[in-house]
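As structure tokens, the structure follows; a few thoughts come after it.
Protein chains in written order, with the working numbering: chain A, 66 to 147; chain B, 771 to 1004.
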């Protein structure tokens, strides 16, 4: 069995108001040396399959079709054996 | 002149749209279901606002893959009029029927207010009832209304007159101060290149019946009706 861990982030250069709010929050409680914060999402997909290569293709298709919007988001993923 | 209002699980402005066509325009209107693959004999499609599929993942991300949206695409490719309002706009961008995307409001707050808009292009089937630079009041109610597209896409859209409405103040001034959600160039509503698909965050259906105290939105539906009637005769 395989598990895909997909990370979806707003593309670089697109303002992330949520990340800015988190940065402001961290700074307001005294954390220093923060250059920037960006908030994204992580999806864990349990796959009923064992072949790593076809799982890789499948997760790419899922990301392109639904999980990420290529206009504003980029994605990356790792697939683990579980 | 048959109108269709497309329903998803979580649509919540469909009845308002239905009411405007049925009672304000007095025209036949029917609900379309997101699982329909045949949209029947409709001349115009309204994709209403709401929270289709609970806005999970991204607003419109799941709705745009529903069977009815393939039929809506075919309908639009044949020149049919499609208007997406609020969540409907988000669905149309997710479906790539309109350029760009709607990001979270830059102020991180859900905005629910009457909003002044300026009409930018009146030479479309959706805005012919207005005059250039008219200042209108439409309600807005959204969390992800911050319009974004790549700079080259924006430049192309501006050049082609694809921006229909911009956020402004009551004096009609368009600036960063009069921009409620951070949309590039204060964009509130756009049209596709072929001029038959519109997306807008403000709600014309909530400002179309005098009893609600706002009636500026009626112009959108009357423009569409006049276009449909003129083209039916030809």
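The beta-carbon is built from N, C-alpha and C at its ideal position, and this holds for glycine as well.
Skipping 5 residues on each side, what residues in its chain have a beta carbon closer than 8 Å to that of residue i?
i, result
"residue 878 of chain B", "none"
"residue 813 of chain B", "771, 772, 773, 850, 851, 998 and 1002"
"residue 928 of chain B", "955"
"residue 806 of chain B", "837, 838 and 841"
"residue 948 of chain B", "886, 937, 938, 939 and 956"
"residue 140 of chain A", "71, 72, 73, 74, 128, 132 and 133"
Considering residue i, what are the terminal residues of the alpha helix (DSSP H) in which it resides?
i, result
"residue 788 of chain B", "784-789"
"residue 927 of chain B", "921-929"
"residue 122 of chain A", "117-127"
"residue 91 of chain A", "82-93"
Return the chain-ordered list of same chain residues with a C-beta closer than 6 Å to the C-beta of residue i, the five sequence neighbours on each side being excluded.
i, result
"residue 82 of chain A", "none"
"residue 924 of chain B", "954"
"residue 871 of chain B", "863 and 918"
"residue 820 of chain B", "780, 781, 782, 783 and 857"
"residue 853 of chain B", "816 and 968"
Determine, using beta carbons only, whether residue i and residue j come nearer to each other than 8 Å.
i, j, result
"residue 102 of chain A", "residue 918 of chain B", "no"
"residue 124 of chain A", "residue 71 of chain A", "yes"
"residue 822 of chain B", "residue 861 of chain B", "yes"
"residue 894 of chain B", "residue 907 of chain B", "no"
"residue 913 of chain B", "residue 874 of chain B", "yes"
"residue 776 of chain B", "residue 795 of chain B", "no"
"residue 868 of chain B", "residue 951 of chain B", "no"
"residue 967 of chain B", "residue 846 of chain B", "yes"
"residue 963 of chain B", "residue 890 of chain B", "no"
"residue 105 of chain A", "residue 127 of chain A", "no"
"residue 799 of chain B", "residue 979 of chain B", "no"
"residue 969 of chain B", "residue 900 of chain B", "no"
"residue 876 of chain B", "residue 80 of chain A", "yes"
"residue 961 of chain B", "residue 934 of chain B", "yes"
"residue 898 of chain B", "residue 797 of chain B", "no"
"residue 971 of chain B", "residue 896 of chain B", "no"
Should residue i be labelled buried (16 or more other beta-carbon atoms within 10 Å of its own) or exposed?
i, result
"residue 786 of chain B", "buried"
"residue 943 of chain B", "exposed"
"residue 915 of chain B", "buried"
"residue 781 of chain B", "buried"
"residue 993 of chain B", "buried"
"residue 857 of chain B", "buried"
"residue 94 of chain A", "exposed"
"residue 982 of chain B", "exposed"
"residue 778 of chain B", "buried"
"residue 99 of chain A", "exposed"
"residue 984 of chain B", "buried"
"residue 974 of chain B", "buried"
"residue 107 of chain A", "exposed"
"residue 932 of chain B", "buried"
"residue 89 of chain A", "exposed"
Can you find the residues in the same chain that come closer than 7 Å, C-beta to C-beta, to residue i, ignoring five residues on each side of it along the sequence?
i, result
"residue 114 of chain A", "67 and 120"
"residue 986 of chain B", "906, 907, 908 and 977"
"residue 834 of chain B", "861, 864 and 865"
"residue 892 of chain B", "898, 900, 901 and 902"
If you follow the beta strand (DSSP E) that residue i is in, where does it begin and where does it stop?
i, result
"residue 141 of chain A", "138-146"
"residue 814 of chain B", "814-817"
"residue 68 of chain A", "67-75"
"residue 106 of chain A", "106-112"
"residue 802 of chain B", "799-803"
"residue 970 of chain B", "967-970"
"residue 775 of chain B", "773-777"
"residue 871 of chain B", "871-873"
When every heavy atom of the ligand MN is checked, does at least one fall within less than 7 Å of the C-beta of residue i?
i, result
"residue 795 of chain B", "This structure lacks the ligand MN; in fact it carries no ligand of any kind."
Complete runs of the alpha helix (DSSP H) confined to the region 885-961 of chain B [at least 4 residues]: 921-929
Residue ranges of each alpha helix (DSSP H) within the region 823-867 of chain B, 4 or longer: 837-847 and 857-864
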